[in-house]
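Residue numbers (UniProt numbering), protein chains in the order written: chain A, 1 to 276; chain B, 1 to 414.
Cβ atoms here follow ideal geometry from the backbone N, Cα and C, with glycine treated the same way.
Just so you know, these numbers come straight off a predicted model, no measurement behind them.
First comes the structure, then the notes that go with it.
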Amino acid sequence: MTADRLAARFATCKEAGRAALVTFVTAGDPTVAATPAILDALVAGGADIIELGMPFTDPMADGPAIELANLRSLGSGTKTRDIFHLATTFRARHPHTPLVLMGYANPMLVRGSEWFAGQCRQAGVDGVICVDVPPEEDAEIGPALRAAGIHLIRLATPTTDAARLPAVLDGASGFLYHVAVAGITGKQQAAQAAVEQAVARLKAATDLPIAVGFGVRSAEQAAAIGRVADGVVVGSAIVDIIGSHGDAAAPFVQEFVASLRGALNANSPHYRETTA
Amino acid sequence: MTIKNSLRSQPDASGHFGSFGGRYVAETLMPLILELEKVYKAARQDPEFDAEFTQLLRTYVGRPNPLYYAQRLTEALRAGAPEGPNGQKKGAKIYLKREELNHTGAHKINNCIGQALLARRMGKKKVIAETGAGQHGVATATVAALFGMECKIFMGAKDVERQKPNVFRMKLLGAEVVPVVSGSQTLKDAMNDALRHWVSNVHDTFYIIGTAAGPHPYPELVRDFQSIIGREAREQILEIEGRLPDMLIAPVGGGSNAIGLFHPFLDDAEVKMIGVEAAGEGLQGKHAASLAGGASGILHGNRTYLLQDEDGQITEAHSISAGLDYPGIGPEHSWLHEIGRVEYMPITDDEALASFQKLAALEGIIPALESAHAIASAEKVAPTMDADQIIVVNLSGRGDKDIFTVADALGVEM
Ligand SMILES: Cc1ncc(COP(=O)(O)O)c(C=O)c1O
Chain A
1 MTADRLAARF
11 ATCKEAGRAA
21 LVTFVTAGDP
31 TVAATPAILD
41 ALVAGGADII
51 ELGMPFTDPM
61 ADGPAIELAN
71 LRSLGSGTKT
81 RDIFHLATTF
91 RARHPHTPLV
101 LMGYANPMLV
111 RGSEWFAGQC
121 RQAGVDGVIC
131 VDVPPEEDAE
141 IGPALRAAGI
151 HLIRLATPTT
161 DAARLPAVLD
171 GASGFLYHVA
181 VAGITGKQQA
191 AQAAVEQAVA
201 RLKAATDLPI
211 AVGFGVRSAE
221 QAAAIGRVAD
231 GVVVGSAIVD
241 IIGSHGDAAA
251 PFVQEFVASL
261 RGALNANSPH
271 YRETTA
Chain B
1 MTIKNSLRSQ
11 PDASGHFGSF
21 GGRYVAETLM
31 PLILELEKVY
41 KAARQDPEFD
51 AEFTQLLRTY
61 VGRPNPLYYA
71 QRLTEALRAG
81 APEGPNGQKK
91 GAKIYLKREE
101 LNHTGAHKIN
111 NCIGQALLAR
121 RMGKKKVIAE
131 TGAGQHGVAT
141 ATVAALFGME
151 CKIFMGAKDV
161 ERQKPNVFRM
171 KLLGAEVVPV
181 VSGSQTLKDA
191 MNDALRHWVS
201 NVHDTFYIIG
211 TAAGPHPYPE
221 LVRDFQSIIG
231 REAREQILEI
241 EGRLPDMLIA
251 PVGGGSNAIG
261 LFHPFLDDAE
271 VKMIGVEAAG
281 EGLQGKHAAS
291 LAGGASGILH
301 GNRTYLLQDE
311 DGQITEAHSI
321 SAGLDYPGIG
331 PEHSWLHEIG
341 RVEYMPITDD
351 EALASFQKLA
361 ALEGIIPALE
371 SAHAIASAEK
381 VAPTMDADQI
391 IVVNLSGRGD
401 KDIFTVADAL
411 GVEM
């Protein structure tokens, strides 16, 4: 790969002595027209990596907040081609910010994995998280993404035991997403001690950066997790803001993201008031 | 024993039936379904497991249930049939496999007993299930009571409304019924919420999936538990007629009663099979016929035929029968469809309603609306077959639960 934006961003953050801030929103929530301003607000607020959710009618791994975001997006008519258009224009405005598509297998694979990987490549997408394709079904999506130079980001969960972890890591790239709670998005909050234990266990098994998500809602929590992980993922809390403010959400999103970033900056030994 | 080239040796080691099936679940669930697979393999080798399963089917469910010759239905269809080359009226002999006589009134209980035994082996004290018509919910609540397990049933809010008697039954049996308000508020959404609950409670909860779908090993184990239907039918028809039937017909929601009837006959090339899909308002309108009107995709843990749009968004299914109102189908049926071993026939709401009444009037049996779809299919094919041919129809459930829906459809005030 010529320019690995994900690796570059994790390296920059490491140098700065802080965790990367990974933020999630659903593409087309509340509308396709409102999404670019929201994505720009994430970047302006200090997000390092953008996870762009591909809406699905049946988001089985998501709690009410993101489920509603999926339905708002589809309800306003979001199509797959709109999502790739959003990605393409994002890439033009933000040449260095890594962009990861996150979603479910059926919308990704309905036209075949090669088509999907090709679209990702053309749009400047850096990585893909496919919630319902475990390593056992890697053939569905993994080979096409790898051939196109797109990272397949795998999930490790509290139920991924030592025996299973090598299978998860085999073929994983970009970063490893640690799902902090056995559950759906936006629900319970993980105990800090459990997160620390899990991150230590994962770090012993891989050199990939470890990002921790699911249930991270506040700047305090982000800061606590940021002290041990390479990245902190915040989704439902941002999606809730979009749910309340709709088309006018961008400034509120930016303010909240800035508070998360400020908390991560404060962890840095050479803390300074800058944005990347 | 696995015979070479047998159609009965699927799925492969990774849970695939041809290109269908598999394990498409969130990582959190993977270790659990791998564990379930291990436990199921061990149980299958354990004569004690089989002995307990068989004993409960006999003494609690009431098996074997009869294979009944529906003479008046057969004769009524012959009356309208053309003459064959021998001058004799056409019209195959119709037998009904009486699953509706099982405890709780449908085939669903066979599978629930099997899965509850597995749950107990895995040390799980809580069970959950999704339900459409409420039959699987009632069956799950029943076995939960029998095994002393805590039980939660996820049911689409729309189905809670149209299947009130079953909702009350589940509550009587001690289950908590959780109305699901997301999406189309029917079976698929109930399954989404059951999966969401499961993923958050994997440590102590067993998910009793109600049909031959979901991630491997569910399609396989549900089929195996339901295959008692086909094994009994096979033995019974050999005893009554001294030969195998020419045709098997069963309704297909997710496909558990159908695969249960079909599977023991799959290697008997002379036995033809029809799976009946719900065509709702007709294939041009709203329907639930995923094979006739869908395409291969991934939902609820398996690759299979789904009703979906060009972007892979799942489209809403419709059937008058809540138990068939699902935009997918079990993966083994997708495979049997693709290799052409089973024919799948769409039957509309109106055709099913007519057959519902016809069976009641002619045979004194009120079928479930799901089963009425199979009767309607038999009404179409029996007159095209010779009088010495034999059809076995799976009467998968009884229609008590449907009387409100049917009265409503017929414009009758109760
Ligand atoms: C009586 C009856 N028949 C058939 C079905 C369809 O399910 P399956 O295709 O799994 O047999 C149901 C589902 O609720 C049912 O209640």
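In this structure, the beta-carbon distance from residue 47/A to residue 86/A does not fall below 7 angstroms.
Annotation for residue 40/B: the continuous alpha helix (DSSP H) segment containing it runs 30-45. With respect to the 7 angstroms criterion, residue 251/A and residue 230/A are not classified as neighbours on the basis of their beta carbons. By the Cβ-count criterion, residue 5/A is buried, with 16 or more other Cβ atoms from all chains shown falling within 10 Å of its own Cβ. The C-beta of residue 267/A comes no closer than 7 angstroms to any C-beta of chain B.
A contact between stretches requires three or more CB pairs, one per stretch, nearer than 8 angstroms, and the segment 286-298 of chain B fails this requirement with the segment 252-268 of chain A. Judged by the Cβ position, residue 251/B qualifies as a neighbour of ligand 1 at the 6 angstroms threshold, a heavy atom of the ligand being closer than this.
In chain B, no part has a C-beta under 9 angstroms from the C-beta of residue 101/A; the shortest such distance is about 14 angstroms. Within the segment 171-243 of chain A, the runs of beta strand (DSSP E) that reach at least 3 residues and sit entirely inside it are, in chain order, 176-179, 210-213 and 231-234. Closer than 6 angstroms to some heavy atom of ligand 1: that does not describe the Cβ of residue 73/A. Residue-level contact by beta carbon holds for residue 31/B and chain A, with a gap shorter than 7 angstroms. Setting aside the 5 residues that flank it on each side, residue 37/A is surrounded in the same chain by 250, each with a C-beta closer than 7 angstroms to its C-beta; the list follows chain order.
Taking 6 angstroms as the cut-off, the C-beta of residue 257/B counts as close to a heavy atom of ligand 1. Taking 7 angstroms as the cut-off, the beta carbon of residue 103/A is found closer than this to the beta carbon of residue 53/A. The Cβ neighbour count for residue 118/B, taken over all protein chains shown within 10 Å, is at least 16; the residue is labelled buried. Assignment of residue 255/B by DSSP, reduced to helix, strand and coil, places it in the coil class.
Residue 163/B has its Cβ no nearer than 6 angstroms to any heavy atom of ligand 1. Residue 27/A holds the alpha-carbon nearest to the alpha-carbon of residue 84/A among 235/A, 27/A and 234/A. Contact check for residue 10/B against residue 17/B passes: the beta carbons are separated by less than 7 angstroms.
Within its own chain, the residues whose Cβ lies closer than 8 angstroms to the Cβ of residue 102/B, once the five positions on either side in sequence are excluded, are 61, 62, 63, 65, 109 and 110, listed in chain order.
The DSSP-derived three-state label of residue 322/B is helix. Cβ-Cβ distances below 6 angstroms link residue 56/B to 113 in the same chain, with the five nearest sequence neighbours on each side left out; the list follows chain order. No Cβ-Cβ contact shorter than 7 angstroms links residue 250/B with residue 266/B. Of all alpha-carbon atoms in 367/B, 376/B, 239/B and 162/B, the one lying nearest the alpha-carbon of residue 106/B is that of 367/B. At the C-beta level, residue 165/B and residue 392/B stay beyond 7 angstroms of one another. Shortest Cα-Cα distance from residue 137/B to any of 99/B, 371/B, 326/B and 173/B involves 173/B. Where residue 57/B is concerned, there is no enclosing alpha helix (DSSP H), because DSSP gives it neither an H nor an E. In this structure, the CA atom of residue 29/A is about 48 angstroms from the CA atom of residue 229/B. Cβ proximity to chain B below 9 angstroms picks out 104, 105, 106, 107, 108, 109, 110 and 111 from the segment 98-127 of chain A. The beta carbon of residue 252/B sits no closer than 7 angstroms to any beta carbon of chain A.
As the crow flies, the alpha-carbon of residue 203/B is around 10 angstroms from that of residue 126/B. DSSP, reduced to helix, strand and coil, places residue 104/A outside both helices and strands of the structure shown, so it counts as coil. In chain order, 105, 132, 133 and 137 make up the part of chain A whose C-beta sits under 7 angstroms from the C-beta of residue 24/B. With a threshold of 6 angstroms, the Cβ atom of residue 292/B does not count as near ligand 1, since no heavy atom of the ligand is closer than that.
Bridge pairing for residue 176/B: 152/B [DSSP]. When DSSP states are grouped into helix, strand and coil, residue 254/A belongs to the helix group.
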